[in-house]
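Laid out in structure tokens, this is it:
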């Protein structure tokens, strides 16, 4: 019983999702990295939502082809952004550049998905 009371009185570790928030006024590299990542997270969530809509409409081979194409596209996006940011490897700016690259490529993929959903 005493062990439970001691354990209950210890501070809980901060949850992993309680990461620093983007502050657009913070012009430090860390601040800009956080905001670039936040921007990517928004478009990535939108892409995932559109993917689920497309997958819900597809069946059989079409659904499998969509899944395989999306997996290949994600691998392409990640490798392309590594290539595009290779010049800043080891630098503090690289995280921001990778996020910006991924955001741009993901926005293009979103436009493709929106066309697919519109039946074009």
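Residue numbers (the numbering used here): 340 to 459.
Beta carbons: idealized from backbone N, C-alpha and C, even for Gly.
For residue 427, there is no enclosing alpha helix (DSSP H), since its DSSP letter is neither H nor E. In this structure the segment 362 to 378 does not lie against the segment 421 to 428, because fewer than three pairs of beta carbons, one per stretch, are closer than 8 Å.
Residue 369: member of the alpha helix (DSSP H) spanning 368 to 396, first to last residue.
Check the Cα spacing between residue 442 and each of 359, 412, 363, 375: the tightest is with 375.
Residue 458 carries a coil assignment under DSSP once its states are collapsed to helix, strand and coil.
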